[in-house]
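See below for the structure under consideration.
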C-alpha cells in the first residue's frame, strides 16, 4: 500500500476493484465505513455482487479479465471531460516528457506497440525512449500540447476506449459505467481525493501489472498519489507477505529490493554499476543512487567479518542467475514436472493447492527424490504421495513433515499491508515438539555446516563464511537457541567502525563502532556499516544509549488527526506512513487540500541544523525544501523524479492496452487483432493446455476467497468454528445459468476445465448475472479456492479450485492467471 | 463444551429475554470475565491471517492459552476481529497439529514419527549430497560484446555462478520477518536460486 489501512477514512471516493475487502480484509471495512459516515462514497466493481458490493453506494459488474478496458475508458473520460489535476500532472508526472518520434502505439499498429518481434515475443524498446537535450535531460512541453508528449500520446491511446466500446468488452451496463467514471473522476480537484483498493483480482491475470498501472495512471491524472485518503493500495493476502517480500524470498530480489546478481556482473563494482540508475535531472533525488551502500551493507550483514574489501565483501559467494534467467514459481513447477529437481522445500506454504494448475504441481512433486514440508498441520503438499489418483507405492519420494509452531508460540515481527512492522510476543511454549521456524533454520544451518567442516565438499565457502551470531553458543560453537532480537538488530544494521560525515569540516561523528545504525542515510559503501535490509534500518535503534525495538512501540498519539499514529510500532521506510507524501503539497510546500494536511512546509521554524524551514506532519520523502524554492522532485525512487504515466520499462508496452485472457469466450479482441498479451510465456506440455471459444468450456470462471477461510485453508479448515460456517467447496452461478443447466441450489456438481475438474455444491444466486458481450450472452461462474482433499478427512470439503486454473503468467511478474479462465459445469 | 448449536441459540435467546425484562446482567458478566482471566498472563500479538495486521490479546495460564480477544488499544482494529481472527485460539492445542516430525520412506503408504535430530541429520545429508553432486561453478551464456569498430556481436562466455539447480524452495509469508531474513540467508548460502513464495501467486 502506498498509504495504510486507517487512512481509508480520509478518502472521498473509495474504489474497490480487483478486491473484496468486506470478505477478505474485513476489518478494513471499519475505515471504509468511517469514511462513508463522513459522506464518502464506496464503489465496488466486480464480476460478482460481493459483500463489499452490498455495502457500496455504487456497484458495476464487469466480465473477468477486462479491467484495462474499463479503466482505459475512465482515462478517456477524465481527459475528454478535462477532469485531471493539471498542476499536479505537469509538475509531478512525466506527462510533459517528449517521446521518441518513432514511437507508435496500438492505435497505429493494430494492438501492438513499435518494436515487436514475433519470434522472440519481445519488444525492442528503443522507440519508447524519451527525447533528450544535449545535457541528457528529457525534453518537456509543460503546455502538454506537443503531439509527441506523453499527455497527447495518452490521449490518443485511450481515445479508442469509448464507453460503447468498453461496455461491449466488459459487459458493464453503460449507465453504471458512466456513473463510476463520473464519481471517481470527481476526485481530480485539490479538495477531493479518491483511493483504490486492489488485491489478487488484479494481479492474477496475464495483464496483471498493466491492470495496476492503468489505475495508477488514473490516480496520477487526478493527483491522488502521495496524499492522505488516496493512493494505489495493494490489499495483500497474508499477514507477512509484505515482510517476506521485503526480505527477498523471491528468485529475483535480495532483501531491500536489491536485484539478485546475474552471472555477467562479475564483481561487486559491476553489480553496483549495472543496478544504480543515473540521472542528469539535477532536481531528482534518485534514491537508488545509494545502491552501493545498501548492497555492501547487506554483504557485511550476511558474511560478517569474513567480508572484506579484499574479497569484494564476499560477492562471489552469492549464487548467480544466468543472464535473463527466470526462476519464478511457474518455472519451478515446470522444471520439477520434467524431473529437473531432486530436492524441494515447501516451507509454510501448500503449493499442491495454491499453485495454478494443481494437477501439474502435484504430478511434478512425484518426480522429486526428497521433499521437506514445514507446517503446523499436515497438508496436501506433505501428503501429496497419497493424494487422489496416486498410488503411494509408485512414488519414490522421501518426505519429511516438520512441525513448526504458531505465531503465539514465538516472538518476532510481521509487516502488514500498510508497511507497519509490528512485534508479536510469545504467549506459551510451542505445542508438542513443534519448533519456531527460526529454530529449524538454525538447526539446518549448523547441521549442514558441520558436514562441510567434517567432509569438505563442493565450494563450502558461502556456508562456512556465513555470519550467524544469533545467541549463546554451545561448546561446539552452535547457537543453542535463536535470539530473535539479535536477528532484528542485524536486519537494522550496525556501525562496524566509527563512521564520520566527511563532507563537513571538521568531520563529524555519525555513529560509534558497535552501535545500531539510526537510519539508512548513515549506511556506507565501504564496509564500515552492516544492514541486512536497508528498508528496515531505523526499526531497532539506539535510544538514550540503549537498543530500542521501534516495532514494539504502542504510542497512541495522532498529532495530525489523519490516523498516522507515528508512535505505534514502526513503518518502513523511516516510519513514513504515506509514501511519496511530497506530492501532497504544492510548489510552495503547502497542502493541496488544507483539510487533509499530510505535510506542510513551515518556513520560519528552525531546523535541527539551525536554518529556518522544516516539514511538519508525516516523515517527509527527504528534508529538501519545497519545489518552488530550490527543492527536489517528489517521486524520489524514480530517476526522473516524477511519476511514470509513460512506463517504458514494462514488457508489453508503455501504456496498458486491453488484451483478452489466455482463455476467454471471444474469438476476437474488440480493440485490435491482437487477442492476447503478445509477450506472455505459454508452456507447451500436454498438461499446459488452454481452450478459448471452445464449446466444451463455455463459461468464464474466477476464483475468490471467503471470510471464514484463508488461502488453501490449511490454517482454517482445521478450525471447527470456521469449517462449520464454510464446510465445503461451492460454485456460484446465476439463476439464468442454473435454469439453462437444469441445476438447483445445493446440488452437487462438477466444474471442469481443460486441466482438471473439481466437485462443488451449486450456489445459485443473483450475485452473478449473465453478461451482454456485444450481441451475445456470456455466463460467468466463480468458486473459492480454500479446499483440499486432505482435510476434512472424509473428503466432504472437496478439492482445490486450482485444479482448474491455467499455469500462464503475467508478462512482467509471472503471477498466474487464476482470475479469468474457461470452465464447464455439469451435474455430479 | 457440550453445547450444541441448537442449545446455544436457545441459550442466547434466553439471555435476550432476561435482558428485555430489565434485569441488568453487567455485574455478573464482569465477574465471570474476571474469574476466567484473572491470573492469566497477557501478551499482545498480531493476527496470523490476512494483512490488515489486527492486534489481539492472548491470555495464558499454566502454559495454556485460555482466551484470545481483539486488542482494544490497537489503532487499526480497535478491539474488533473477523471470524478468522476470533478463531485463532483453535490453532493451539489442536488434535490435528503435528506434534512430532513425520517421515515417509520412498514407496511407503503411511507416515511414521521420527526424532527431530534424526530428521534434521537426514535432511542435512540430502542437502549436502544433492548440492555437492549438482554444484555449478560456471555456466556458459551468450552475451553481447562490443568490438573495436563499435559494433556488437554475440559471444558465448563462461561466467561464475556458484549455485545448485537441483534444489528448489518455496515459502513463506507466514513466517516472521526475522525468520524470513535468516531463511533466505541460509538457502542462498547453499547456492539456491529457485527461491519463491506466496508473493508470486
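Residue numbers (my numbering), protein chains in the order written: chain A, 200 to 1027; chain B, 152 to 352. Positions of the beta carbon are idealized from the N, C-alpha and C atoms, including for glycine.
Residue-level contact check: residue 483 of chain A does not touch chain B, since none of the beta carbons of chain B fall below 8 Å from its beta carbon. It is roughly 8 Å from the alpha-carbon of residue 290 of chain A to the alpha-carbon of residue 841 of chain A. The C-alpha of residue 978 of chain A is placed about 53 Å away from the C-alpha of residue 284 of chain B. Scanning its chain for C-beta atoms nearer than 7 Å, with the 5 sequence neighbours on each side dropped, one finds around residue 492 of chain A the residues 722, 723 and 724, in chain order. Per DSSP, residue 559 of chain A is one residue of the alpha helix (DSSP H) stretching across 557-564. Proximity of chain B to residue 516 of chain A at the Cβ level (cut-off 8 Å) is accounted for by 313 and 340, in chain order. Interface annotation for the stretch 678-697 of chain A against chain B: 683, 686, 687 and 690, criterion Cβ-Cβ distance under 7 Å.
CA-CA distance, residue 203 of chain B to residue 533 of chain A, rounds to 33 Å.
The alpha-carbon of residue 624 of chain A is positioned some 42 Å away from that of residue 962 of chain A.
A direct Cα-to-Cα measurement between residue 311 of chain A and residue 901 of chain A gives close to 27 Å. For residue 226 of chain A, the three-state secondary structure derived from DSSP is coil.
With fewer than three CB-CB distances shorter than 8 Å, the stretch 292-300 of chain A does not count as touching the stretch 256-272 of chain A.
Close partners of residue 520 of chain A in chain B (Cβ separation under 9 Å): 312, 314 and 344. A residue is called buried once 16 or more other Cβ atoms fall within 10 Å of its Cβ, and residue 551 of chain A is buried on that count. Here DSSP, grouped into helix, strand and coil, assigns residue 269 of chain A to helix.
The stretch 348-368 of chain A makes no contact with the stretch 218-230 of chain A; the number of CB pairs closer than 8 Å stays below 3. Look at the stretch 377-409 of chain A and you find these whole runs of alpha helix (DSSP H), each 4 residues long or longer: 399-402.
Within 8 Å of the CB of residue 536 of chain A, no CB atom of chain B is found; the nearest one sits about 12 Å away. Taking 7 Å as the cut-off between beta carbons, the residues of the stretch 631-644 of chain A near chain B are 631, 632, 633, 636, 637, 640, 642, 643 and 644, in sequence order.
Neighbours of residue 228 of chain B across chain A, judged by C-beta separation under 8 Å: 226 and 229.
Relative to residue 586 of chain A, the option among A/879, A/997, A/774 and A/883 whose CA is nearest is A/997. Rounded to whole angstroms, residue 224 of chain B and residue 206 of chain B show a C-alpha spacing of 8 Å. Residue 262 of chain B sits in coil when the DSSP states are folded into three classes, being neither helix nor strand.
In this structure, the beta-carbon distance from residue 790 of chain A to residue 799 of chain A falls below 8 Å. Across the set B/200, B/329, B/263 and B/319, the C-alpha of B/200 shows the shortest separation from the C-alpha of residue 234 of chain B.
Under the 8 Å criterion on CB atoms, residue 1025 of chain A is classed as non-interfacial with respect to chain B. A direct Cα-to-Cα measurement between residue 463 of chain A and residue 515 of chain A gives close to 12 Å.
Going by C-alpha positions, residue 398 of chain A is about 48 Å away from residue 675 of chain A. With respect to chain A, the C-beta atom of residue 269 of chain B has no partner C-beta closer than 8 Å.
No Cβ of chain A is located within less than 8 Å of the beta carbon of residue 187 of chain B. Contact with chain A is absent for residue 190 of chain B, since none of that chain's Cβ atoms lies less than 8 Å from the residue's Cβ.
Under the Cβ criterion of 8 Å, residue 440 of chain A is counted among the residues facing chain B. Sorting A/796, A/766, A/767 and A/768 by C-alpha distance to the C-alpha of residue 780 of chain A places A/796 at the top. Of all C-beta pairs linking the stretch 735-743 of chain A to the stretch 782-789 of chain A, fewer than three are shorter than 8 Å, placing the two stretches out of contact. With fewer than 16 other CB atoms across the displayed protein chains lying within 10 angstroms of its CB, residue 178 of chain B is exposed.
Residue 496 of chain A is outside the set of residues whose beta carbon lies under 8 Å from a beta carbon in chain B.
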